[in-house]
Amino acid sequence: MIELSDDKFFYAFDKTLEPALTVASGETVRIRTKDCFGNQIQTPEDKLDNIDWDAINPATGPIFVEGAVAGGALQVKIEQIEFDAQTSMCVGEDEGTCGDRFNAWSTKLAPVTETGVVWNDKLTLPLRPMIGVIGVAPAGEPVNCGTPGSHGGNMDNTAITAGATLYFPVSAEGALFGCGDMHSAMGDGEIGVSGAETAGYATVTLTALPELALKNPVMENDTHFITIASAETVDEACSIAVHDMLDIICARTGAPEDEITMLLSLVADLRICQIVDPEKTVRYEMPKYALEAYGFKFSSR
Ligand code: CA
Ligand code: ZN
8 MIELSDDKFF YAFDKTLEPA LTVASGETVR IRTKDCFGNQ IQTPEDKLDN IDWDAINPAT
68 GPIFVEGAVA GGALQVKIEQ IEFDAQTSMC VGEDEGTCGD RFNAWSTKLA PVTETGVVWN
128 DKLTLPLRPM IGVIGVAPAG EPVNCGTPGS HGGNMDNTAI TAGATLYFPV SAEGALFGCG
188 DMHSAMGDGE IGVSGAETAG YATVTLTALP ELALKNPVME NDTHFITIAS AETVDEACSI
248 AVHDMLDIIC ARTGAPEDEI TMLLSLVADL RICQIVDPEK TVRYEMPKYA LEAYGFKFSS
308 R
């Protein structure tokens, strides 16, 4: 397995970046990732008022994947997520859903053990490992790692965990993949503006799929096929995610749109990823049992 240290990182997904690493399609890479604060919050004295805000949301990479071409897709299988032994989190004035309640930043540190995030001596939260920032270079201008979009980025999607497989639309040769901002715990919505921000290692298998055309990221796990959309409002993101799902299913099965819309309405779940970033992200989860009845299989996974 190839290892990639966090010495090489970037603050914006950008098709003009020099690759930190070049791999063959199908290679597995264990990637060291900094937390979303750039590892600047290590002691209770480290306050968000004092950190370097230009060093927020670093993504490790970019990784050039041989065979990935503009107009195709990059498949990213999440093999494993490993965490350091401490996590940090924050709330602050005008940040997140409850920013109206605060007039200063607060931070909290917590130990991360094999079993969970130690909140206090009475409560340990179950681990809910996920990768917050993950994506490829966008087609146009660089996109800051704090902003999600059709290239991926800061989607803060709790379904992006070990065992999941993502597919990103590729806009630059080699895809220029990167990831960071892992969370050892986070609720859907990320309402406080941070998850349990934790440095660690993400192990991923990167495969070029030059024949697969996509508009937005999609993913699958053992039970669901999932579309993901980011937009200025949650309403707008929901509309994109649902239409993408309808288009993909109808194109691949030949089934009529009215029938599939009724089916989606009965069995698929719209879920919020995050409502605190510059664009909001939602996902739309269609159970595989219903898709299999139509002979729909997204990949050979
Ligand atoms: Ca994030
Ligand atoms: Zn984060």
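For what it's worth, my numbering labels the leading residue of the sequence shown as 8, then goes sequentially. From the three backbone atoms N, C-alpha and C, an ideal C-beta is built for every residue, glycine too. Nothing here was measured: the structure is a model prediction, and the numbers come from that model.
Suppose contacts are defined by Cβ-Cβ distances below 9 Å. Is residue i in contact with residue j by that definition?
i	j	result
ALA19	PRO155	no
LEU277	GLU292	yes
LEU28	ILE88	no
PRO145	ASP21	yes
LYS287	VAL225	no
THR212	LYS295	no
ALA111	MET96	no
ALA373	ALA215	No answer is possible for residue 373: the residues shown for the chain start at 8 and end at 308.
ILE141	GLY160	yes
LEU55	THR122	no
PHE17	GLY181	no
THR205	SER191	yes
Indicate the three-state DSSP secondary structure (helix, strand or coil) for residue i in the structure shown.
i	result
GLY45	coil
VAL283	coil
CYS152	coil
ILE235	strand
GLY181	coil
ILE198	coil
GLY106	helix
MET193	coil
THR4	The chain is shown from 8 up to 308; residue 4 falls before or after that span and cannot be answered.
ILE9	strand
Please name the residue or residues paired with residue i in a DSSP beta bridge.
i	result
THR114	CYS97
PRO133	GLY123
LYS84	THR172 and THR212
CYS186	THR67 and ILE141
TYR291	THR234 and LEU277
VAL225	TYR174 and THR234
Kindly give me the distance between the Cβ atoms of residue i and residue j, rounded to whole angstroms, as I take these residues to be in contact under 8 Å.
i	j	result
GLN82	THR172	6 Å
GLN47	ALA31	GLN47 to ALA31, Cβ: 35 Å. No contact.
GLU10	ARG37	5 Å
THR40	ILE282	23 Å between Cβ atoms; not a contact.
So with Cβ pairs under 9 Å, would you call residue i a contact of chain C?
i	result
GLY194	Among the chains in the structure shown there is no chain C, since it carries only a single protein chain.
Beta carbon nearer than 6 Å to a non-hydrogen atom of ligand 2: CYS43, GLY139, ASP188, HIS190, SER201, GLY202 and GLU204
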